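First comes the structure, then the notes that go with it.
Next comes the structure, spelled out in structure tokens:
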């Protein structure tokens, strides 16, 4: 029986080797990932019993996605088999001034075509304490939006904590659609997580004096964003990640959290990027872990920031780090000296 | 201006390395292929100006498919850019008693969603002499069935030769649907190409005393199949490939052709398989080449059989062989001695 | 709770790519395998809840071995973490007249140094129906011989079925030592599995008119070997695999089983080898599956023979095949035709 | 019919993977490249019909070089087949204080042995507007120097624009020889392109206060270099790239252009290098594109600088970027944020 | 001080991975090889102190060739550094009916341009017992023909045994040229080695009733060829390898030797080919080893045949096998059973 | 006969590709390395006849370790074959804040189990001038500590120079054990080499005001450390490397040397790390080379610092650089400009 449940899509991720452009040669790294699956893997690596719930086709590609989760000990017993395809995203890793690129090919995936009734929420949530979803899942289709609502309702009934990473994806829906669907879901959410742009793109709540593409973030301005989110939706906490993109290779990375009255900022890390996809998910997982383990708000934030800092040094969507590694960094050892 | 025009779908082909099963490791060979594209590449390698007509999305994955055709000199100028996705097929190469596996993920591809009006057939056919399609294209969607008909009508108007490889795909349609759509298209076809099963699966015309899965083919019985096809549809020629599958590694491979009165058989080759996908397409291309170059029926058949024999030794969908190499084999040098 | 329990060592397997000799280049395929782990993976792939019990070091190499088992859904919850190292075997794949080579580097592994008390057998066997071990585990050290005995005693107490694959390894012990340790263990065993040489090497029971290295097997002679085994140790069944090695690339493969009165032979397969390591383990797993699912003796034998035939076409120690695939081959479809 | 014609050598480029030293393992990346071919590919990627003219052997290695150009849509119809070999260059990518290394093995290549009469310039230039060559081509052999002159004469006759990238290569000729051959060719040239050292090495025109190896460039001093070039040879424009090499991984990159009266400087980019070979060629192509499309001098310069900045992030000689990507960077988005 | 001296060219060997055609992807296996170097490596692997003498450029590619020989313990101390390039050969591995292809790019290599005086033969031969060369070395250039003669003269003076593998290469010279140069060299030779075609191509001595390309060899006819060679040139022994090419994957392989009066035939091996390049060289090395170690003529022949049989199972030019492995096969264990 | 002798362990080094975490995929880079072997390879690359002395098992893994040394011309003639295993270390390369990790699996290696009498020191040292060992060798086992003492005694008797790199490894022994064994060995040592931590860990001699993990080094403080070492043990020179770890990707690197009266500091390099394992060994080799070639103390130090700076840009344990490359950097060319 899993303690934490995440629900969403896991996709096949196709990436050329190293810094090659799409199809520059005839090999692709073929791994799996997706916002909620990434959170589940992180939590499982932290030693928490976590289930990932989704729908995947009965063929070998669906089976491979499940094997990839199983290997980390994620509970995949509630994944429904059916539908036709595994969604795909193509990823090209940028370098220097050349940005990374993502091309989605996820329409028609098994989960996007899942319907009410596919998931037995009471059974899935039996014994669970926490439900996590992101803004991607309700954006997949009208059906998945309904499914998320059903899940939230059941989770709330059981007094589970509900966290949501806003995760706005402009290729999936417009700001208007996002607001229409997400606003009512926020009623169920206890902990809201966002990046520098999500609150603005979905709810029109903007940080002053920040220019995300111009590489300028006014950290203090995000206290106000968090406060407004809490005020408007009654969250217990709102946390925001703060990425300053200097180049495709170098980012600054920090985060903040607010409980409505107080606002905490994490350390800011200078990161040499190996793979930044999944960075936000690893933050969400770190924060969930910290709060689930009853760390102080500040400690949970630092744990989350350190976990997600480390994610940037790991290839693939999944954050392959342990609690010990995160704690070592949060405690200040970022020198990267060899550990023999 | 291309002499020969083929029309259909080009897909991304994702294959694990060597004999690995799906996702046994995290690499995929990512190349492109598809029945009609394979024919175009073969013909281009034989030195004939050939165009491949299709619809592909405007993004980088579509561009990569086009680059793969360009590299062989295939004319891609009539490929329309639009729609959302490149169709995909996953391929696992079998060995010994373990069969190869193909999983299609082609629904919703740009070409499947192409509509009447996307293609300016008179312009495309300007100066061309030959039109080739396969049974896959009309099977993709109701739209593509219409598009094939439009193309055939225009080609016929211009007195072009039309060839069709029946290529029945049970994952795309039922025998009933296939017959309903294919039967009227046969009116336009001059040269019909099929494998051991197509005529039976689509038109119910069966070879006596053959058991394809049991590895037993009665070659003579196929004379009757070809005759019946010619009689029923008025083809000029009907050609059939004859594969005896001993194991996933070893096949016997031959072919026959009939003009309604006479029936010719090619040599039979004992093949150690490197990659058998695209074997039928390479036969079609060889036959088109032979007939287009006015070889005798027997010579064209032997050219086609030798070309497709060689294909089985080449990785990927495309048959990377030259006229000289095909002629050398057709002339009898199959010893595989090193050429220094 | 697992239905079937296997106990033994899982090793890191280091193999040069393809047919390269050791260190011919600077890459190694690094996977995991070992007799009892291979059986567990096979059974898990057949859909049976199976646990693998062992001891592995607490560091990342031990964790990776566990991840490899998790990915197939093998229950790894009873694996003890401790000791210093993961055993290793180096494998070089032979070709034609050049034999494959195995170099073991397994001394001092965590499981070889495990001690009585490391495993809580009553808890491990809770709810289980079947215990499987091989002759390798007691050969690892005096300790592991004791551990196997403890496990057998507990299993017998619970009326579980016990199967043993004799698996003689001359690098681990002499025939004398093997007989000394194995003889008393046989008292617990219900089903004994062996290859063409094991019975002779351990118990001195020999098939007449067979010359294993000379590539000559007298199949009938093995009926007598099985009968003698049953008579001497009171097994319910004794099964023997029959490999005729024509070259490193081509083997004939069959098996027999006896219940003491009747002797059944499976079909004999002509195999083009991809990877023959783990062939015997896949036979054991197939036989356990068949008998556990109450197939007839003949059907279980054919299932096991087909499963292990397919293993030879799969890279790595693990047999990555499904019940459906095994049944298809056992039912006679060995033509290797592409499955689209 | 191509609008822009480039003439020169395309070589096989052999590079160890990543940062490996020569033959540190037994794999080589085997791609193609060469100054003028690189310019042709860039222009073709920008959507301009461009032909590359050269001579290549009739065997498969020559054919592969052509396929690599075809894939980008470069017109290869005027490439003559003959001679014996494709020139080769071995490349080792440096890191930190270890410089990249190039070893040339290009003597005796087909193009170096081409003779007057191999190329039908009037036919090649039919309908073309622009001819581009570099200082490498006349340096290959006495024959190629004659061929360049013939091409220039024919191009001038047709009022085509002629651009030349000086591209001094000390392994091919001495400064004295270079000056002797290049000086008369300059009469035909409209637009001269150079790096920080070319003008000095070939024509003895030096920038004051610059120490190229010492990592110190006096940008202003290059205005004078450009002016002197224009004055001496009557160029319409002279453009110079300005590389400050901080380490093998980090460079600053900028460029300037002069029309004899005015001197413009581009933005300077801080670059994390993926592959800097072909950087100058990508600048030349960008400048040709800008001027050919009638951008202002300043805009053409910024386009060229941005195009070549991006080249440093792309593996291989060829600049695989689109006009849109170049414009985005020139417009100021160098943050490298992921594009979803 | 080396006991056996070989003299010739070592080339860079560029081969696409597996069965890929030239430049089907962008990777090449980059190793080294060449007739006489291959013999030196074989002998060194057999434990004999062997030197390889050649000329190689001073740059890193030359150094890499030397490192590849050093790794096997071949004495490279007499290799002269100078000249410009390492010769290259491109190799494509055939499959089934598609033959392997070799494209040479060796003109202008350092050794081809070596001159009399580059090698201090008395010093090189100091303490040596055996000199081996092949027909390739004198074919490289007029200079190397002179160098071979000088070496033979010095070796003869010292009473060393001289062996020559005729190794006719039609790309290097015509039969007429070969005969003109080789005939006088034969005076120095004690042991002549040839394949099925060499004697005919160079000296016009033909085996009756054999059709090499047609896959038909009359083994007995080669006794007469060997006798004629011995009679004409006074060799002590003449040995001929007998390859029957069934396909690019399957060959039969045997050899014979004659002392002028008696004619011995080796066992014939059925070989599944991994890499047949260097097969003849490995036979020569095996024969030299056997005779150098004073085996009987028949035993030396069987040793040589077994050694070269094994070579066909090893990737690359070099025969990476030990005396123990060769003896095991010669003694009859060709079953390819796994050696644990 | 080698001039310089090093004695120790060479291990198999298993590293995932690039920045992958352990077993993130199924490939490992499999190379060899170890402190004293690394020094031997460096010196051999610098052109000095150097022998590496050790014990390795007689099987193919041991042979491969020897081949890897042979390829650089290291004299391996004194390596004893025996024992059971080659020690292994697993290496994971860190990035940004994630540190590199080393897991040792070296217990029970052939050298750790070597005994007095395995090595004939008088024969090994015949004609040699210098003996080098590190603190790793005596830490392997009680036996190796004795062997090092025997070697030192024999070397001293012959008036050879003896250098020792302290190289403290906490996984092999405690500070107490280290001091107990190392202290008496210091009597033989002429030149002592250490990193920032060794002197403190072994002898309790500490630099003031330095915090190694905190990334803060007080360079001046190490003068005192060196002086104390010299005073206590009577070394001729003591040299210390000074690494400031900014992140796993970026280090500052310098070194100092003292003769007891004077203290010299090298340039400090800003390094973008490719592979920092073996950095200290490359410094030791550089220093040995400089002193052996009678450079001034300052020049030898700069040579050593430049050599080890370059090592950080080279994959693998071995420093694949030449004297020319080191001199170029020491002379100031660290711009990393391409060398054509």
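Residue numbers (UniProt numbering), protein chains in the order written: chain A, 1 to 340; chain B, 1 to 340; chain C, 1 to 340; chain D, 1 to 340; chain E, 1 to 340; chain F, 1 to 340. In this text, a Cβ means the ideal position worked out from N, Cα and C, and glycines have one as well. Predicted model only: the values in this text are computed from it and were never measured.
**Request:** Give a yes or no on whether the C-beta atoms belonging to residue 275 of chain E and residue 220 of chain E are separated by under 8 Å.
**Result:** For the purposes of this step, residue 275 of chain E is taken as residue 275 along the fifth chain, with counting starting at 1. For the purposes of this step, residue 220 of chain E is taken as residue 220 along the fifth chain, with counting starting at 1. Contact: no.
**Asked** Measuring CB to CB, does residue 271 of chain C end up less than 8 Å from residue 132 of chain C?
**Response** Taking the third chain and counting its residues from 1, the one referred to as residue 271 of chain C is at position 271. Taking the third chain and counting its residues from 1, the one referred to as residue 132 of chain C is at position 132. Going by C-beta atoms, residue 271 of chain C is not nearer than 8 Å to residue 132 of chain C.
**Asked** Near residue 186 of chain C, what residues of its chain come up, given a Cβ to Cβ distance below 6 Å and the 5 sequence neighbours on each side ignored?
**Response** Position 186 of the third chain holds residue 186 of chain C. Counting only Cβ-Cβ distances below 6 Å, and skipping sequence neighbours, we find 233.
**Message:** What residue range does the alpha helix (DSSP H) around residue 232 of chain B cover?
**Reply:** For the purposes of this step, residue 232 of chain B is identified with residue 232 of the second chain, where counting begins at 1. Element bounds for residue 232 of chain B: 221–233.
**Asked** Is the CB of residue 138 of chain F under 8 Å away from at least one CB in chain A?
**Response** Here residue 138 of chain F refers to the residue found at position 138 of the sixth chain. No, residue 138 of chain F does not count as interfacial toward chain A.
**Request:** Confirm, please, whether the CB-CB distance from residue 145 of chain E to residue 125 of chain E is below 8 Å.
**Result:** The count along the fifth chain starts at 1 and reaches residue 125 of chain E at position 125. The count along the fifth chain starts at 1 and reaches residue 145 of chain E at position 145. Not a contact, by the Cβ cut-off of 8 Å.
**Asked** Would residue 67 of chain C count as contacting chain A if we go by Cβ distances under 8 Å?
**Response** The count along the third chain starts at 1 and reaches residue 67 of chain C at position 67. Chain A contact via Cβ: present.
**Item:** Cβ pair count under 8 Å reaching 3, the stretch 326–338 of chain B against the stretch 48–61 of chain B
**Value:** no
**Message:** Please state the DSSP three-state secondary structure of residue 121 of chain C.
**Reply:** Residue mapping note: residue 121 of chain C aligns to position 121 of the third chain, counting from 1. Reduced to three states, the DSSP call for residue 121 of chain C is helix.
**Request:** Would you decide whether residue 47 of chain F is buried or exposed? Buried here means 16 or more other CB atoms lie within 10 Å of its CB.
**Result:** Working through the sixth chain from its first residue, we reach residue 47 of chain F at position 47. Answer is exposed; the Cβ neighbour count stays below 16.
**Message:** Using C-beta distances below 8 Å, list every residue in its chain close to residue 143 of chain B, excluding the 5 sequence neighbours before and after it, in chain order.
**Reply:** Stepping through the second chain from its first residue, residue 143 of chain B is reached at position 143. Hits under 8 Å: 112, 113, 114, 115, 116.
**Request:** Identify which residue in B:90, B:2, B:267, B:106 has its Cα closest to the Cα of residue 53 of chain B.
**Result:** As a working mapping, residue 53 of chain B is identified with position 53 in the second chain. For the residues B:90, B:2, B:267, B:106, the minimum Cα distance to residue 53 of chain B belongs to B:2.
**Asked** What do you reckon, are the CB atoms on residue 30 of chain F and residue 75 of chain C nearer than 8 Å?
**Response** On the sixth chain, residue 30 of chain F is found 30 positions in, with the first residue counted as 1. On the third chain, residue 75 of chain C is found 75 positions in, with the first residue counted as 1. Their beta carbons are not under 8 Å apart, which means residue 30 of chain F does not touch residue 75 of chain C by this criterion.
**Message:** Do residue 235 of chain F and residue 255 of chain F have their beta-carbon atoms positioned less than 8 Å apart in this structure?
**Reply:** Translated into positions along the sixth chain, residue 255 of chain F becomes position 255. Translated into positions along the sixth chain, residue 235 of chain F becomes position 235. No, these two residues do not count as a Cβ contact at 8 Å.
**Request:** Would you mind working out which of D:237, D:168, D:263, D:305 sits nearest residue 197 of chain D, comparing C-alpha positions?
**Result:** Locating residue 197 of chain D in the fourth chain gives position 197, counting from the first residue. The shortest Cα separation from residue 197 of chain D among D:237, D:168, D:263, D:305 belongs to D:168.
**Asked** So which residues on chain E does residue 102 of chain C lean against when the C-beta distance must stay under 8 Å?
**Response** Counted from its first residue, the third chain places residue 102 of chain C at position 102. In chain order: 338, 339, 340.
**Request:** Check whether the Cβ atoms of residue 66 of chain F and residue 79 of chain F sit closer than 8 Å, and answer yes or no.
**Result:** Position 66 of the sixth chain holds residue 66 of chain F. Position 79 of the sixth chain holds residue 79 of chain F. Taking 8 Å as the Cβ cut-off, residue 66 of chain F and residue 79 of chain F qualify as a contacting pair.
**Identity of the residues DSSP links to residue 101 of chain F by a beta bridge** = Along the sixth chain, one-based indexing puts residue 101 of chain F at 101. DSSP lists A:339, F:92 as partners of residue 101 of chain F.
**Prompt:** Helix, strand or coil: how does DSSP classify residue 237 of chain D here?
**Reply:** Taking the first residue of the fourth chain as position 1, residue 237 of chain D is located at position 237. Three-state DSSP puts residue 237 of chain D in a strand.
**is_contact[residue 342 of chain B, chain A] using C-beta, thresh 8 Å** = No information on residue 342 of chain B is available, as it lies outside the stretch 1 to 340 that chain B covers here.
**Asked** Out of curiosity, what's the CA-to-CA distance linking residue 332 of chain F and residue 170 of chain A?
**Response** For the purposes of this step, residue 332 of chain F is identified with residue 332 of the sixth chain, where counting begins at 1. For the purposes of this step, residue 170 of chain A is identified with residue 170 of the first chain, where counting begins at 1. One C-alpha to the other measures close to 51 Å.
**Prompt:** Would you say residue 219 of chain B faces chain E, with C-beta separation under 8 Å as the test?
**Reply:** Your numbering for residue 219 of chain B matches position 219 in the second chain. No, because no Cβ of chain E sits closer than 8 Å to the Cβ of residue 219 of chain B.
**Item:** Neighbour-count burial assignment, residue 296 of chain E, 16 or more Cβ in a 10 Å radius
**Value:** In the fifth chain, residue 296 of chain E corresponds to position 296, counting from 1. So residue 296 of chain E ends up on the exposed side.
**Request:** Quick one: which unbroken alpha helix (DSSP H) runs of 4-plus residues sit fully inside the stretch 128–194 of chain F? Chain order, please.
**Result:** 136–140, 142–157, 175–185
**Request:** Can you tell me the Cβ-Cβ gap for residue 225 of chain A and residue 248 of chain A, rounded? I've got them flagged as a contact below 8 Å.
**Result:** Translated into positions along the first chain, residue 225 of chain A becomes position 225. Translated into positions along the first chain, residue 248 of chain A becomes position 248. That belief does not hold up - the Cβ atoms of residue 225 of chain A and residue 248 of chain A are roughly 26 Å apart, past 8 Å.
**Asked** residue 269 of chain C bridges to which residues according to DSSP?
**Response** Sequence index remark: in the third chain, residue 269 of chain C carries index 269 (1-based). C:253.
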